[in-house]
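Per our numbering: the sequence shown = residues 561 to 899.
No residue lacks a Cβ here, since even glycine has one placed at the ideal position from N, Cα and C.
A short write-up of the structure that comes next.
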Amino acid sequence: MDKKVGQKRHKRYSQRTVQRVAAIVSITVVLLAAVLAAAAIIWSNRAAPLADAKAPERASPFDGKRAYADARKIVGFGPRPPGSEALAQTRAFIRDELAKAGVRVREQAFEADTPIGKKAMVNIVGVVEGAKEGVIVLGNHYDTKHFSDIMFVGANDGGSTTAWMLEMARVLGAKREGRTVWLCFFDGEEAFGEWSRTNSLYGSRAFVDELRSKGELPQVKAMINVDMIGDCDLGIRQDRDAPDWMTQLVWGAARRIGHGRAFLAFAHAIEDDHVPFRRAGIPAMNIIDFNYGATAKEHAETWHTERDTIERICPESLQAVGDVIYHALPEIDRFLDRP
């Protein structure tokens with residue numbers, strides 16, 4: 561090929577290419593900006609509020625400050641992995657507070673096969689007697705993940721919901737007009753090492769297995785699990801796999817009482833203690849703020865680290881979830897009353 565011709569053709573081709581590349585770059589920049597903006601929204605727990613109304617200080621008898629005080633006490637016991645003395649102290653505290661609330665207490669002791677050997681575990685159930693047939697389960701885990709190299713006290717992950725459940729017991733009391741409520745404190749939610757279907761959810765799996773073996777599963781009409789609800793920057797996404805009617809009732813209650821900003825329009829799916837119930841055919845929902853903090857970086861630096869401390873959770877967040885579930889429970893009862 562003639563060198564000059566070759567250079568000329570290359571020059572004409574380059575001019576066309578530059579124009580096309582410039583257009584592609586412009587489009588790419590716009591798309592990248594949109595993606596980054598969307599990512600920022602997703603990781604901001606204040607994103608996509610369902611209501612702009614100012615949340616009330618309290619919209620129910622639930623007392624977030626009292627729940628926070630309980631969380632402080634629970635965290636003060638130290639790390640609480642299954643089988644630990646700190647978890648035994650937590651268990652005694654749970655029993656005492658449930659009894660003070662007038663709630664009947666029962667326990668389920670079992671032995672779990674874990675990657676680090678057999679572990680004795682105990683589920684605790686507070687029974688709020690109802691006037692209607694059937695049971696609604698409110699569940700959480702009261703253990704913390706086992707770490708040998710850090711001081712993990714799980715203020716949010718384990719502590720916040722244990723305290724929240726105790727306050728819910730006080731609010732519901734010994735009896736209610738709707739269905740019986742089981743306040744289930746599950747042991748062994750956390751995995752020993754890497755999470756898997758057989759290395760996690762030990763307590764809730766054992767609980768559902770026992771219900772099945774006794775023929776009691778049909779009693780349970782709905783299950784709501786709560787986890788990691790103390791984040792000061794609270795943002796709870798919808799459970800992607802929850803029944804639509806449950807989502808509508810809970811998120812509707814949040815909008816109605818002014819907590820819509822904490823209950824987001826985004827959806828996700830997290831494996832948690834509701835899963836064994838769902839696998840058993842029970843309508844189940846997970847209430848969790850899995851974005852601990854306002855950014856992905858903050859979440860990574862806090863979740864399952866020594867930074868998950870009492871200073872990083874807020875009574876206002878406990879209050880918001882308490883208000884919403886308190887108002888949602890009668891709505892769930894009414895839905896279940898339908899023929």
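- For GLU657, the number of other beta carbons within 10 angstroms of its own is at least 16, and it is reported as buried.
- Look at ARG736 here: in three-state DSSP terms it is strand.
- Within the DSSP bridge table, the entry for VAL810 names no partner.
- Contact between the region 678 to 695 and the region 743 to 755 is present: three or more C-beta pairs spanning the two stretches fall below 8 Å.
- When the beta-carbon positions are compared, GLU749 and ASP833 come within less than 8 Å of each other.
- In the three-state DSSP reduction, MET845 falls in the strand class (E or B).
- Every unbroken stretch of the alpha helix (DSSP H) spanning 4 or more residues and falling wholly within the region 772 to 829 is given here in chain order: 804 to 817.
- Counting along the chain, the unbroken beta strand (DSSP E) around ALA669 starts and ends at 664 to 674.
- Selection ARG816, TYR702, ALA648 evaluated against GLU891 yields ARG816 as nearest (Cα-Cα).
- The alpha carbon of GLY775 has as its nearest neighbour, out of PRO641, LYS692, ALA840, the alpha carbon of ALA840.
- According to DSSP, LEU761 shares a beta bridge with no other residue.
- Here the region 799 to 816 does not lie against the region 719 to 737, with fewer than 3 beta-carbon pairs under 8 Å apart.
- Counting other Cβ atoms within 10 Å of its Cβ, THR758 stays below 16 and is therefore classed as exposed.
- Taking a 10 Å sphere around the C-beta of ALA766, we find 16 or more other C-beta atoms and assign the residue as buried.
- LYS781 is the residue among GLU770, LYS781, THR855 whose C-alpha sits nearest the C-alpha of GLY738.
- Around the beta carbon of ARG800, fewer than 16 other beta carbons sit within 10 angstroms, so the residue counts as exposed.
- Using a Cβ distance threshold of 8 Å, ALA822 and ILE796 count as a contacting pair.
- For HIS887, the secondary structure class from DSSP, reduced to helix, strand or coil, is helix.
- Counted as a single uninterrupted DSSP element, the stretch harbouring GLU693 is not any alpha helix (DSSP H) but the beta strand (DSSP E) occupying residues 677 to 701.
- Under the three-state reduction of DSSP, ILE634 is assigned to helix.
- By the neighbour-count criterion, in which a residue is buried when 16 or more other Cβ atoms sit within 10 angstroms of its Cβ, LYS705 is buried.
- Taking C-beta separations shorter than 7 Å and ignoring five residues to either side along the sequence, the partners of GLN779 in its chain run GLY694, VAL695, following chain order.
- ASP868 is a Cβ neighbour of ALA715, given a cutoff of 8 Å.
- Membership of ALA661 in any alpha helix (DSSP H) is not indicated, and neither H nor E is assigned to it by DSSP.
- Taking the Cα positions, ALA629 is about 42 Å away from PRO899.
- If you draw a straight line from the Cα of LEU896 to the Cα of LEU878, it comes to about 26 Å.
- Counting the other Cβ atoms within 10 Å of the Cβ of ARG666 gives fewer than 16, which makes it exposed.
- Considering only ALA844, ALA729, TRP805, the residue with the shortest C-alpha distance to ILE654 is ALA729.
- Rounded to whole angstroms, the separation of the alpha carbons of LYS857 and GLU689 is 44 Å.
- Within the model, the alpha-carbon separation for PRO836 versus ALA844 is close to 9 Å.
- The DSSP-derived three-state label of TRP755 is coil.
- Distance between ALA880 and THR650, taken at the CA atoms: about 24 Å.
- Burial state of SER756 is exposed, judged by a 10 Å Cβ sphere holding fewer than 16 other Cβ atoms.
- In the structure shown, ILE870 adopts helical secondary structure according to DSSP, grouped into three states.
- When secondary structure is reduced to three states using DSSP, VAL881 falls in the helix class.
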